[in-house]
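Protein chains in written order, with the numbering used here: chain V, 1 to 271; chain D, 1001 to 1154; chain P, 2001 to 2774.
Next comes the structure, spelled out in structure tokens:
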């Protein structure tokens, strides 16, 4: 094997060219590559000179460059409506120095993803922008279903509609620097008193991320005062793998309670 | 690999491996004030400022720090010319074993640059990447508050 | 209270600016040329026999110098417990064995020119394991058909009960009075079983050691240790290398908490340096620290008490089963302290029986950990008395005040039970426990919150109280010493074997010397610890340094003072009884003349009858005056999810005269923070096969600043007449408080008791559910 090498470029085209070699991995600056065996790769592509650290707002849409760190997303949040669900989630993700390294693009490129990122992005119906072989705009679910989209391609940005919404992001942690066992991201619009376009995403489950469609259908069109706790709880059917850290049945019960609470809190939280 | 790193305002020629982390490179070149507590980005003992922002040097590939401004705790103050924050840590009794202190001092420095008058909550949040097992954080939080007060005066 | 000028003042910790500016050197900060790096290869199996090791591929790699394992190293039975000689822990360990007794036991060690090569070579060691059925449950360890961990050639170095053929690492039994008498007098009995769990010290500096030969061919060991003199002795024995040729240097140490009272890496590095005549470095990774260093011993405590309706306790029976893990380090002494540091607190009990057993299992190795058995014992006792008081509708604080040991009193337990062997009779000279309790009640607003179950939505609050005592060193065993010399500017070198591991002992011992000599703290030049340069000290454990080394330092300084006065008398032509020492000078009030320390030492060195003002002194103590501690916790529990939050934690300690109140507070705050996390979030999680799953800070959760509740800490001073300037210890005691105080607060909030620590939200949730069904 030839000597392992770092590649530096400020050209997106050149970056794409380099990534045609599948043994060259892009490196955003985050932590994912730090703790894995790199002996089988030929090189790493440093993305920091590609000018992908930005937040752009065009009419109703927000675009976040893939090299934007969690800390920058939070700090530059004036460009997004304050306390957008994504910001309130990322504010508490990981810890202070890690938030200065973890990038939104890097987080999307690896599995398992930060549940603090995925829940809010799904709730915001975010799109992922790729360049390279599979250039285009993809929904998150498309992106997950086709992991090979990333082959010879590079995530350049995440895009979502920024609109005033009701939202709440719950993270289940033991300490303030813990990785959540699960998160519940709740987001909806209000049409007068009635819930419009609800999203309830639970991350950290057996399926990693679950959109609770049955519950969303129940919520749609209802007034907050019409909601019944038992009806909500009944519709939250998630399972957890045998996590020794915490009993999976307990987590399943807890998600029900926290989902109900999240809806109530979201209703109070007009963001 | 060979490169020149900007460390505490000085250009330092360094040698490092392809997948080496900044923590190791710094320590290999005499910057032993950067401590190794876990190598997994959790303890903050290896915290340095990268272009003014606190990062865990164990989570930064050296190859990506070329051209960046790297600041260790000695870059903000020394034994003979300590920074106010370092003096405040001493006065508050916030230094027990001292292994976490360089990281704590730098995290405090970064916080107070952005926010000269932080609330208790903001202090705690800013220090959420730094573990200390000796103090229970009581006197560390006190040291940060003292630092903020003194830095406003001077 | 006595009037002191330096003692009792929160002087700045003398090494703190050096630490805060990154100047101070820890073990791994010392630069050595031609350093060899090691990587230990661990057993992935909880119990296995190594049939063969193939190291040929590793040895063939460029940069690999050696591979150590059972086939090429000495098999000298020893204990890794850094205790006094002969150690009370069994000799059941060799450097490399062919039996692997826990997942994380060491099978081999790579020695290479770089850490990267060592790590790579570690993957090229092929060990042929015969996997055995592991023993993972301490409850069945002594059963006849349980797997046996240790051969019968293992032995105890002191005459104590040790039966490896039954997996019994230690046994202690004491009693007085008559339990059946106590049973017949009781109106009712309370009988419960409590579990204290594994815990990791989590000193932020991992275990580190460097060894090299100096220019005289002596082996230098620079190590992160609490016990430099024990390191020297144990390495000499295990490596069969003359003690006179070993020098142990303790630089700054990044926290210990008991974890570095263990000598398990120094002999490996020493072996490499002796064999290859090259410097060697071993620094553990964080997962290695979690898995393969030492832990808090889990203890199952069954506690039975007979109680009269008046509240009188007619008997107490304590049965402690300690899980020692794969080796018996501190198995006897931690076990003893489950009783010895706990039972004397309630000294009115006439009929008492304590049976403790430490058993081997194929799980991580227990060791010394702040609190040292007292933590595990108080977890049970404090909950038990809460249960009794609730049953009788008694006021818990008053019950404690009525029943705890007082000044002038003793307990039969002191005599019956020491650390491993018989103890020493002692009487209490100082006790501020009642004031500690009152402070904690006041600060938590006890009487407006206890039994009130204050609710806010789904959340309900409760308060809990706990009390504790500890010791100040091990009486009749621990010895410490100091030596001093004076310099001509009036400064003093203070050399001590006492081991500052971040506690601030260098500072408070310098304060003691400065106080005795009526001089300033900055006149003290402290050196600790270097086995070549500093006199013997057992080391930093058993809450001994302030009390025992403090006494040695005070005694040494007093000797220096005598010499100073003698020289001053010569200079001033005074008679002795007219001289007083004040402000770094000796004053003859009658003649209205004075001479400064600087002048005195200059005279002694250069002028007439020249000699070096110097002295050394050691202290050996016959008692171990206990500090006392009370704490209250307020918790809030989410009754739907079981989530728990400690809102406020109040602590008060009677440590005698605090030499440095700020440092004393810091000891309590740190211990309490560790204790709260031990109660709530810290736990070892094992696979079915006994492998530790959560061996890093991502998954073993210790708190960050944002997790801390509101903390109130008060040092309540008393005067211990046997202590230096009235001081007792403070290092360990605080950690005994949180687990039982929080357990009692949980009960206060939700009316359910959780007997198994830690009190995680899923356990509270299940407890709530089961309570609702009843």
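Positions of the beta carbon are idealized from the N, C-alpha and C atoms, including for glycine.
task = Classify residue 2687/P as buried or exposed, calling it buried when 16 or more other Cβ atoms lie within 10 Å of its own Cβ.
result = As a first step, residue 2687/P must be located in the third chain, where it is residue number 687. Exposed is the call here.
key: Rounded straight-line distance, which links the Cα of residue 2268/P to that of residue 2035/P   = By one-based count along the third chain, residue 2035/P stands at place 35. By one-based count along the third chain, residue 2268/P stands at place 268. Between residue 2035/P and residue 2268/P, the C-alpha separation is close to 14 Å.
message = 8 Å is my cut-off, CB to CB: does residue 27/V come that close to chain D?
response = The residue given as residue 27/V occupies position 27 in the first chain. Cβ-Cβ to chain D under 8 Å: yes for residue 27/V.
Helix, strand or coil at residue 2656/P [DSSP, three-state] = What you label residue 2656/P is simply residue 656 of the third chain in a count that begins at 1. Three-state DSSP puts residue 2656/P in a strand.
query = So what's residue 1158/D in DSSP terms, helix, strand or just coil?
reply = For chain D, the structure presents residues 1001 to 1154; residue 1158/D sits outside this window and is missing.
request  = Could I get the ranges of all uninterrupted beta strand (DSSP E) runs contained in the region 2482-2567 of chain P, with 3 residues as the minimum, in chain order?
outcome  = 2492-2496 and 2524-2527
query = From residue 2583/P to residue 2598/P, what distance separates their C-alpha atoms?
reply = Taking the first residue of the third chain as 1, we reach residue 2583/P at position 583. Taking the first residue of the third chain as 1, we reach residue 2598/P at position 598. Each residue's Cα considered, the two are about 12 Å apart.
request  = Tell me whether residue 1053/D sits in a helix, a strand or coil according to DSSP, three-state version.
outcome  = Along the second chain, read from residue 1 onward, the residue named residue 1053/D stands at position 53. Strand, per DSSP.
request  = Say whether chain P places a C-beta atom closer than 8 Å to the C-beta of residue 1016/D.
outcome  = Taking the first residue of the second chain as position 1, residue 1016/D is located at position 16. Taking Cβ atoms only, chain P never reaches closer than 8 Å to residue 1016/D, which makes this a no.
request  = Compare the Cα-Cα distances from residue 1071/D to each of 1059/D, 1085/D, 1143/D and 1054/D and report the closest residue.
outcome  = Working through the second chain from its first residue, we reach residue 1071/D at position 71. Of the candidates 1059/D, 1085/D, 1143/D and 1054/D, the one whose C-alpha sits nearest the C-alpha of residue 1071/D is 1054/D.
message = Between residue 1075/D and chain V, is the shortest Cβ-Cβ distance under 8 Å, so that the two count as touching?
response = Along the second chain, read from residue 1 onward, the residue named residue 1075/D stands at position 75. By this cut-off, residue 1075/D is not an interface position.
message = For residue 2650/P, tell me which candidate among 2386/P, 2637/P, 2631/P and 2665/P has the shortest Cα-Cα distance.
response = To locate residue 2650/P, count along the third chain from 1; it is residue 650. Closest option to residue 2650/P, Cα to Cα, is 2631/P.
query = Using the rule of at least 16 other Cβ atoms within 10 Å of the residue's Cβ for burial, across every protein chain shown, is residue 285/V buried or exposed?
reply = Residue 285/V falls outside the range modelled here, since chain V spans only 1 to 271, and no answer is possible.
Within chain V, the residues that residue 2137/P reaches when beta carbons sit closer than 9 Å = Residue numbering aside, residue 2137/P sits at position 137 when the third chain is read from its first letter. None at all; the shortest Cβ gap to chain V is about 17 Å.
message = Give me the DSSP bridge partner(s) of residue 2399/P.
response = Translated into the one-based positions of the third chain, residue 2399/P becomes position 399. Beta-bridge pairing links residue 2399/P to no other residue.
The region 2425-2439 of chain P touching the region 2400-2412 of chain P, judged by at least three CB pairs closer than 8 Å = yes
key: Those residues which DSSP pairs with residue 2252/P across a bridge   = Position 252 of the third chain, counting from 1, holds the residue named residue 2252/P. 2026/P.
task = Check distances from the C-beta atoms of the region 33-51 of chain V to those of chain D and list, in chain order, the residues that come in under 8 Å.
result = 33, 34, 35, 38, 44, 46 and 48
ask   = Nearest-angstrom Cα distance between residue 2553/P and residue 2477/P?
value = To locate residue 2553/P, count along the third chain from 1; it is residue 553. To locate residue 2477/P, count along the third chain from 1; it is residue 477. Residue 2553/P and residue 2477/P: Cα-Cα distance of roughly 18 Å.
request  = Please specify which runs of the beta strand (DSSP E), each continuous and at least 3 residues long, are wholly inside the region 123-150 of chain V, giving them in chain order.
outcome  = 127-132 and 136-139
ask   = Which chain P residues are close to residue 982/D, counting only those with a beta carbon under 7 Å from its beta carbon?
value = Since the first residue of chain D shown is 1001 and the last is 1154, residue 982/D is not available in this structure.
ask   = Any idea if residue 1139/D is buried or exposed, counting beta-carbon neighbours within 10 angstroms, 16 or more meaning buried?
value = Counting from 1 along the second chain, the entry for residue 1139/D is found at position 139. Buried is the call here.
ask   = Quick one: does residue 1119/D have its CB under 8 Å from some CB of chain V?
value = Sequence index remark: in the second chain, residue 1119/D carries index 119 (1-based). Output row for residue 1119/D: interface = no.
request  = State the DSSP-derived secondary structure class of residue 2439/P, mapped to helix, strand or coil.
outcome  = The count along the third chain starts at 1 and reaches residue 2439/P at position 439. In this structure, residue 2439/P counts as helix in the three-state DSSP scheme.
request  = Flag this pair as yes or no: are the beta carbons of residue 1034/D and residue 1050/D separated by less than 8 Å?
outcome  = As a working mapping, residue 1034/D is identified with position 34 in the second chain. As a working mapping, residue 1050/D is identified with position 50 in the second chain. Not closer than 8 Å, so no.
ask   = Interface residues of chain D around residue 2304/P at Cβ under 7 Å?
value = Here the question's residue 2304/P lines up with position 304 in the third chain. Residues of chain D passing the Cβ test: none, with the nearest at roughly 35 Å.
Same chain, Cβ closer than 7 Å to residue 2233/P, five either side skipped, listed in chain order = As a working mapping, residue 2233/P is identified with position 233 in the third chain. So the list reads 2085 and 2243, once near-sequence residues are dropped.
request  = List the residues that DSSP assigns as beta-bridge partners of residue 2069/P.
outcome  = Position 69 of the third chain, counted from the start, is the residue given in the question as residue 2069/P. 2108/P.
ask   = When the distance is taken between beta carbons, is residue 2107/P closer than 8 Å to residue 2778/P?
value = Residue 2778/P cannot be examined here, being either before or after the span of chain P that is shown, 2001 to 2774.
query = In terms of residue numbering, what span does the alpha helix (DSSP H) encompassing residue 2091/P cover?
reply = On the third chain, position 91 is the one that residue 2091/P refers to. Element bounds for residue 2091/P: n/a, residue is neither H nor E.
task = Indicate whether at least one CB of chain V lies closer than 8 Å to the CB of residue 2762/P.
result = As a first step, residue 2762/P is located in the third chain; it is residue number 762 there, counting from the start. So yes, residue 2762/P belongs to the interface.
request  = Would you check if the distance between the CB atom of residue 2801/P and the CB atom of residue 2349/P is smaller than 8 Å?
outcome  = The requested residue 2801/P does not occur in the structure, where chain P is confined to residues 2001 to 2774.
Own chain, CB closer than 7 Å to residue 1011/D, minus 5 neighbours either side, in chain order = On the second chain, position 11 is the one that residue 1011/D refers to. Excluding positions up to five away in sequence, the list reads 1004.
ask   = If you draw a straight line from the alpha carbon of residue 2367/P to that of residue 2377/P, how long is it in whole angstroms?
value = Position 367 of the third chain, counted from the start, is the residue given in the question as residue 2367/P. Position 377 of the third chain, counted from the start, is the residue given in the question as residue 2377/P. Whole-angstrom Cα-Cα distance: 16 Å.
CB of residue 2294/P within 8 Å of CB of residue 2329/P, strictly = Locating residue 2294/P in the third chain gives position 294, counting from the first residue. Locating residue 2329/P in the third chain gives position 329, counting from the first residue. Yes, these two residues count as a Cβ contact at 8 Å.
ask   = Since residue 236/V and residue 255/V are thought to touch, with beta carbons under 8 Å apart, how far apart are those beta carbons, to the nearest angstrom?
value = Here the question's residue 236/V lines up with position 236 in the first chain. Here the question's residue 255/V lines up with position 255 in the first chain. So it is a contact: roughly 6 Å between Cβ atoms.
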